[in-house]
């Protein structure tokens, strides 16, 4: 039975603008009922271009995930190319059968507040050259800070109304470089809200009794279990390896060196993973939720934590209208990092053997990947997901826990087309650093390389003969030396899970191979590397020495959108890094990156020599016609923008 809030508008979330080309445009929406679609594009000063999408065509996919949840995935092929460098209005209309007739209605109502000032429609621009872009990562709803995506929406509003003198061009894209959700770190009130929405939308029950060693019959039983909130580690199957499994899945986020986050509300079911995305991208479903309600049976300590998280979530929800508007106006590129699935996902061979050999934990990872495919992966590159794959996915959605569901998980765990390229100028080349890893042969506990040899070879082919590229690597390729050294020490002690022991230099094969890619004569002259992951922001200029002059590289890291590094600890590490790895320090020999010159940049307002910037926000990069950044800023949410000043006196050839 549909809720009354959907009587006049069936849209639950979206529209989200995804891959945009002159000849094709992709959109994502979540609806409470099935619908057909037609899209009208109206370039500024031009005639409308209307496209009605045929049912069951490659341009339109409708996936049913519950009685009242449908995903509408639109990939419009246009009869003529859209123009560049001008505003293009767009309108998505939904065709729904009512009283025996097909009736069309705008997917966006005026009451949704999705239009910018002086506009009566949604819109976007296609840049002939990328002159500015926004990028960020790590958006945790219950982190007590402002939201970088809200700050991005405010920037677009200022650009629309020309409020400031020093505004960038309309951003060509929004690049989300990982941890768009935290599936392994969920606030109690968020998990309770997800369960209320699952019931309202009629998502299908997931059979779980067929998972070896599992005592829970199905998802309905999980949601009523006394350990459902804050104690999910107790629900793992009791087997000889369950202690190891518990350490891998639940203790992985306990990193005393860096953070004290908890994973005891880890998402488990397919329905939970699906609804999580709806809750962080749209305000509409929060109207169905009693946020003040508290689950029964919580301990005094957990109940107090729950109340604290309620206050933080209420502030997060207040910004979702801005977030929804932002996502409807910029082409959004996404890629997973670990928290989209689980912390330390595919960290090393030991992790993979423990997690994938257990049916329950394998199902959890598979469910997260299914949700990622629908909500993030498809819109990056719709042609990578053929009809047979999506048909199999729909079978899994209709019968969670079935043989078909588990077979689809097997298929998606072996899927290797998550990486993609957008043919912008410069092109956006996005790396999948999670599923194509270079496993250590010498020890199962050593971190895997972020890309294996075949993946690096593929990357080199994608880079070949380009003049400039925007390269997305969720983890920075060139990181902060002291922190990488700490990671190396913990790995040597056999405790890589105690820290995020994942960096490009941690695996010799991957480190040498990626540096060789940069050194290759046919790779670009300008590399702009966009990264996140680390919960602080920094910028390095990197020069490589070779016979005819190496490429120019900018490592630009923006993190997090709504997450931060512990402030005191980051300050200590930043100061120590400044002294321990000064240009003349002998310690540089132990972290030597051959033939490199690293020129750090000082964030505005930071002391001389300090290199990191802490604070939730979003990165803004402005580029010249050659694809070289001329201004790099971090927009601190609720505060001022901070630039980065190049520090020549803190650099040296290594």
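In the working numbering, the protein residues as written are 88 to 741. Glycine included, each C-beta is placed from N, C-alpha and C at the ideal position.
For residue 137, DSSP records a beta bridge to 127. Here residue 548 is exposed: its Cβ has fewer than 16 other Cβ atoms, across all protein chains shown, within 10 Å. Straight-line spacing of the CA atoms in residue 449 and residue 282 works out to 22 Å. Taken through DSSP and simplified to helix, strand or coil, residue 476 comes out as helix. Taking the C-beta atoms as reference points, residue 703 is found no nearer than 8 Å to residue 396.
Following the DSSP letters along the chain, one finds residue 720 inside the beta strand (DSSP E) bounded by residues 716 to 723. Within the stretch 178 to 224, the beta strand (DSSP E) runs of at least 3 residues that lie entirely inside it are, in chain order, 188 to 193, 209 to 212, 219 to 223.
Of 604, 602, 651, 600, the smallest CA-CA separation from residue 620 is found for 651.
With fewer than three CB-CB distances shorter than 8 Å, the stretch 287 to 304 does not count as touching the stretch 387 to 402.
The alpha-carbon of residue 715 is positioned some 21 Å away from that of residue 646. For residue 110, the CB contacts under 6 Å within the same chain, skipping 5 residues up- and downstream, are 165, 168 in chain order. Residue 528 sits away from residue 219, with the two beta carbons spaced by 8 Å or more.
Linking residue 467 to residue 247 through their CA atoms gives a straight-line distance of about 26 Å. Taking all protein chains shown into account, residue 173 has fewer than 16 neighbouring C-beta atoms within 10 Å of its C-beta and is therefore exposed. In this structure residue 427 touches residue 266 by the C-beta definition: roughly 6 Å separates them, less than 8 Å. Rounded to whole angstroms, the Cβ separation of residue 713 and residue 555 is 6 Å, and the two are in contact under 8 Å. Under the three-pair Cβ rule at 8 Å, the stretch 132 to 140 does not count as touching the stretch 189 to 209. At the C-beta level, residue 236 and residue 226 come within 8 Å of one another. Residue 658 and residue 592 have their alpha carbons spaced roughly 23 Å apart. Between the C-alpha atoms of residue 435 and residue 526 there is a straight-line separation of about 7 Å. In the three-state reduction of the DSSP assignment, residue 368 falls in the helix class, which pools H, G and I.
Assignment of beta-bridge partners to residue 709 by DSSP yields 219, 718.
Under the three-state reduction of DSSP, residue 294 is assigned to strand.
Taking a 10 Å sphere around the C-beta of residue 291, we find 16 or more other C-beta atoms and assign the residue as buried. Judged by DSSP in its simplified three-state form, residue 242 adopts helix. For residue 95 and residue 726, the gap between their C-alpha atoms comes out near 38 Å. Proximity of the stretch 401 to 408 to the stretch 485 to 498 falls short of the contact definition, fewer than three beta-carbon pairs being nearer than 8 Å. The C-alpha of residue 175 is placed about 15 Å away from the C-alpha of residue 114. At the C-beta level, residue 618 and residue 563 come within 8 Å of one another.
Within the DSSP secondary-structure output, residue 525 pairs in a beta bridge with 536. Residue 311: not part of any beta strand (DSSP E); member of the alpha helix (DSSP H) spanning 306 to 311, first to last residue. Ranking 399, 268, 723, 474 by CA distance to the CA of residue 238 puts 723 first. Between residue 353 and residue 271, the beta carbon gap of about 5 Å places them in contact (Cβ cut-off 8 Å). Following the DSSP letters along the chain, one finds residue 697 in no beta strand (DSSP E), marked with neither H nor E. An exposed status is given to residue 302, since fewer than 16 other beta-carbon atoms sit within 10 Å of its beta-carbon. By the criterion of a C-beta distance shorter than 8 Å, residue 717 is surrounded in its chain by 709, 710, 711, once the five residues flanking it on both sides are discounted.
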